[in-house]
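So the sequence lines, in the order shown, correspond to chains Y and G.
Position 93, counted from 1, in the first sequence is what my numbering calls 93; the numbers after and before it change by one each time, with no gaps.
Position 244, counted from 1, in the second sequence is what my numbering calls 244; the numbers after and before it change by one each time, with no gaps.
Heads up, the thing below is written out as structure tokens.
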Amino acid sequence: MKLTERQSDALSELINIAFARTGAALSELTGHRVLLNPPEVAVYRTEELRGALAKFVPGDVASIHQVFAGPVAGDALLLLNYEGAVHLTDLLTNGHNSSAYLDESAREVLTEVGNILLNACLGMFGNLLNVHVTFSVPRLHLETLDELLASITTDKGEKHYALVVYTAFQIRDSSVKGFLVIVLSVTSLDRLIQEVDAWEAKQSN
Amino acid sequence: MTETSSKETLLNAAVLRWMHDLAAQGIITTDSELNIVEWNHWMEEHTGKRVSEVIGKNLLDLFPELTARRLDRNYKWTLEGQVRVLSQALHGYLIAMPVVSPEHGYEQMQQAVRISPLNHDGKIIGTLTIIEDVTERVAREGELQAQVEARSRLLSSEKLARNDAERANRLKDEFLATISHELRNPLNAILGWAHMLRLGKLTPPNVDRAVETIYRNAKSQAQLVADLLDVSRIISGKLRLDVRPVDLLSIVNAAIDSIRPAADAKSIRLQTILDPAAGPISGDADRLQQIVWNLLTNAVKFTPKGGRVQVKVQRVDSHVEIVVTDSGVGISKEFLPYVFDRFRQADASTTRIHGGLGLGLSIVHQLVDLHGGSVSVHSDGEGKGASFTIILPFVGVVSTEKESEAVEQVHSDKINTFEGLPTLEGLKVLVVDDEADTRELIQEVLKDCGSEVILSRSAAEALEALEKYKPDILISDLGMPDEDGYSLISKIRALPSERGGHIPAAALTAYARAEDRMRVLRSGFQFHLPKPVDSAELVTVVASLAGRAYKS
């Protein structure tokens with residue numbers, strides 16, 4: 001499945017609204033201006049995910065993972081490479097956590113940030129689709145990309161797609177690249193894209 | 001609902017209540033209006049609020065601070081279906097509670113919080129808040145972090161200190177190797193010739209030559225010792241200046257006179273530009289002469305044959321300037337800052353052309369300092385000469401004092417014969433040493449025992465002689481200019497046997513440390529003869545090497 005240019009633009013715009021909310025929430029929390037760069041959106045089959053992500057996260061990844069259920073169901077993840085995760089925590093906590101590794105407090109911060117971002121995006125999709133989704137408690141994992149992909153792509157009977165959203169957090173003259181991955185069943189994705197088309201049509205009228 | 005399932009539900013509820021009360025976390029359950037439904041034992045203990053006081057009360061009414069700190073929004077979002085995570089690092093705490101362990105310096109208990117919606121049949125019927133006390137953990141992380149930072153600071157400062165110590169140690173080692181070399185070289189000639197004098201078998205002209213060589217070498221050693229003593233006096237602050245009004249020009253002239261023979265020997269042109277107005281200054285005449293003499297010696301030493309050394313003395317405002325310029329080997333940009341350091345020479349390897357301890361300029365620097373002056377160096381780089389400028393404060397006094405020092409001139413034009421040691425009849429020995437005294441001494445000893453001696457001044461000459469004369473034994477010095485003894489022996493050992501590749505060889509050197517000995521033996525020599533060489537030992541070694549050669 002490929003997104004048309006219009007669909008891709010519309011989806012980017014919608015996610016950008018969620019990102020703006022996330023940025024505002026993080027700015028308020030940290031007392032620093034936090035911006036999330038305009039997102040780039042692409043759709044992959046889950047078996048293509050590895051190739052698509054490998055070049056961005058060569059080493060270990062930190063992921064904040066939330067399962068969502070309801071009429072639209074799947075997995076939502078915020079992915080950062082390990083150094084990026086350390087740097088982001090550092091920036092958000094005023095260098096309070098300026099070590100080279102993620103201690104318990106740093107992991108908590110990342111979990112909170114991931115949770116805010118995932119909630120903003122999925123909440124926005126929920127509103128768009130006018131459905132109610134429920135979330136699991138967010139979990140932070142530190143593992144290799146392969147381990148991570150194995151945990152989200154196995155045991156899924158129906159064909160699945162992944163919506164991959166690239167962005168970067170801009171905080172205090174620094175930038176930390178990350179991406180959002182939303183794994184959806186083909187029916188869920190179809191439904192989402194229909195709604196995006198409808199929203200786009202409404203916008204242009 | 002069946003009886004069994006209702007019994008199960010009751011049991012489950014009882015178990016849950018127990019678990020909640022035993023939990024080491026705070027647990028608050030509310031309905032969808034945020035009225036408190038459950039308040040566990042931990043919450044009672046840490047807030048001091050009893051269950052009976054809070055059940056049925058609205059959470060936000062009970063804790064108005066939640067709204068004031070805008071944390072109430074989290075409950076609104078939870079009621080919309082979101083799970084909320086509140087980290088300690090970004091929020092500190094949800095509900096103010098006193099700390100259990102005040103020693104960590106926190107006024108409030110630090111908390112990590114999760115707020116989840118409670119669903120039933122697709123509807124949200126309430127919220128569940130779980131509060132964890134992380135004060136201890138956060139304090140521990142802080143300490144750990146401080147330790148890590150302190151350790152990395154310590155490591156980097158330790159590393160710096162260690163580098164400094166290692167560099168100082170290496171300089172000291174190099175200095176010790178140099179000093180052992182410089183002190184042993186004259187000693188070699190002194191002991192060798194003295195030994196022959198004692199045997200009483202020298203012809204009268206050779207007695208003169210022996211005495212002359214001994215005297216010259218003893219003088220040079222005395223100079224080394226004097227330099228060392230000066231340095232040690234300067235270091236310990238015991239050097240005293242005998243300050244009087246002195247005539248700088250006569251001091252400079254005396255220094256020039258004393259260096260002239262050495263300059264003439266190398267056909268170096270000594271040029272002087274002396275400003276009569278530079279006249280009298282206040283200082284220690286001997287030390288001032290030592291300063292100028294050291295600079296001139298240095299200039300002559302580092303200037304090749306046919307070069308030029310210029311001394312300029314001029315009065316500039318309220319000071320006097322002495323500038324010694326040479327057309328010599330120059331100083332590399334890298335070495336320039338270290339020129340006045342003690343024990344430093346640009347080239348500490350064994351291929352050293354110039355000898356000396358590297359103390360002269362350090363002494364100059366210290367003595368000029370003691371006179372309230374300054375010394376600086378300029379060089380455009382290697383091969384481009386160097387120029388040393390001394391600035392001394394001018395004092396308007398008049399003096400007629402003149403100082404001068406004559407330097408012995410030395411002639412080496414005689415060759416000696418010597419008799420009286422065990423026979424080395426029929427052996428051809430190739431001797432390689434850049435110092436004439438050592439060469440001749442060995443020649444005397446070996447010749448006297450009946451061997452034929454071929455002398456070479458350098459490794460290159462030795463290689464030629466090896467082909468030409470087919471010697472039986474090689475005796476080679478290690479520290480020679482251009483190419484050292486190690487390089488020579490490795491080239492020889494690479495030759496086929498018929499061209500002398502297997503010639504028995506002994507190394508002769510003033511570098512007498514254990515690691516020098518090891519290196520000598522590993523590099524292809526059979527013997528290591530430390531200088532000063534004992535004549536009997538030399539002959540025994542040559543005989544022994546020859547014995548091996550005959551056997552193979």
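Built from N, CA and C at the ideal position, the CB exists for glycine as well.
Note that the segment 307 to 319 of chain G touches the segment 245 to 254 of chain G; at least 3 beta-carbon pairs, one per stretch, sit closer than 8 Å. Inclusion of residue 186 of chain G and residue 221 of chain G in the CB contact set at 7 Å is warranted, their separation being smaller than that value. In this structure, the straight-line span from the alpha carbon of residue 89 of chain G to that of residue 62 of chain Y is close to 18 Å.
Judged by beta-carbon spacing, residue 477 of chain G lies beyond the 7 Å limit of residue 428 of chain G, meaning their Cβ atoms are not closer than that value.
Under the three-state reduction of DSSP, residue 98 of chain G is assigned to strand. The residue from Y/84, Y/120, Y/112, Y/65 with its alpha-carbon nearest to that of residue 58 of chain Y is Y/84. With 16 or more other Cβ atoms from the protein chains shown falling within 10 Å of its own Cβ, residue 87 of chain G counts as buried. If one requires a minimum length of 4 residues, the alpha helix (DSSP H) runs lying completely within the segment 71 to 144 of chain Y are 82 to 92, 104 to 129, in chain order.
Taking a cut-off of 8 Å on C-beta distances, the segment 301 to 308 of chain G touches the segment 264 to 272 of chain G, as three or more cross pairs fall below it. Under the Cβ distance rule, residue 135 of chain Y counts among the residues neighbouring chain G, one pair being separated by less than 7 Å. Taking a contact to require three or more Cβ pairs closer than 8 Å, the segment 524 to 536 of chain G and the segment 456 to 464 of chain G do not qualify as touching. A direct Cα-Cα distance of roughly 18 Å separates residue 68 of chain Y from residue 74 of chain G.
Cβ-Cβ distances below 7 Å link residue 538 of chain G to 442, 445, 529 in the same chain, with the five nearest sequence neighbours on each side left out; the list follows chain order.
For residue 206 of chain G, DSSP assigns no beta-bridge partner whatsoever. Think of a sphere of 7 Å around the beta carbon of residue 59 of chain Y: no beta carbon from chain G falls inside it, the nearest being about 21 Å out. Under a criterion of Cβ atoms nearer than 8 Å, no residue of chain G is adjacent to residue 165 of chain Y; the nearest Cβ is some 19 Å distant.
Taking a C-beta cut-off of 8 Å against chain G, none of the residues of the segment 162 to 187 of chain Y qualify. Listed as beta-bridge partners of residue 177 of chain Y by DSSP are Y/168. Chain-ordered listing is empty here: chain Y has no CB closer than 7 Å to the CB of residue 108 of chain G, the nearest sitting near 16 Å.
By a beta-carbon distance limit of 8 Å, residue 367 of chain G contacts residue 291 of chain G. Their separation comes to about 5 Å.
The C-alpha of residue 43 of chain Y lies about 22 Å from the C-alpha of residue 131 of chain Y. For residue 197 of chain G, the enclosing alpha helix (DSSP H) starts and ends at 135 to 199. Rounded to whole angstroms, the separation of the alpha carbons of residue 23 of chain Y and residue 181 of chain Y is 18 Å. Y/123 is the residue among Y/129, Y/169, Y/198, Y/123 whose C-alpha sits nearest the C-alpha of residue 66 of chain Y. Spanning the alpha carbons of residue 127 of chain G and residue 89 of chain Y requires a straight line of approximately 28 Å. The three-state reading of DSSP puts residue 233 of chain G in helix, counting H, G and I together. Annotation: the continuous beta strand (DSSP E) that includes residue 66 of chain Y extends over 60 to 69.
The continuous alpha helix (DSSP H) containing residue 262 of chain G extends over residues 248 to 265. Between the alpha carbons of residue 340 of chain G and residue 91 of chain Y lies a distance of about 49 Å. Less than 7 Å divides the Cβ of residue 189 of chain G from the Cβ of residue 437 of chain G.
At a cut-off of 7 Å between beta-carbon atoms, residue 103 of chain Y makes contact with chain G. A distance below 7 Å separates the beta carbons of residue 124 of chain G and residue 79 of chain G. Just so you know, the alpha carbons of residue 17 of chain Y and residue 36 of chain Y end up roughly 10 Å apart.
The secondary-structure analysis by DSSP pairs residue 501 of chain G with nothing; it has no beta-bridge partner. Here DSSP, grouped into helix, strand and coil, assigns residue 447 of chain G to helix. For residue 116 of chain G, the residues of chain Y that pass the 7 Å Cβ criterion are 137, in the order they occur in the chain.
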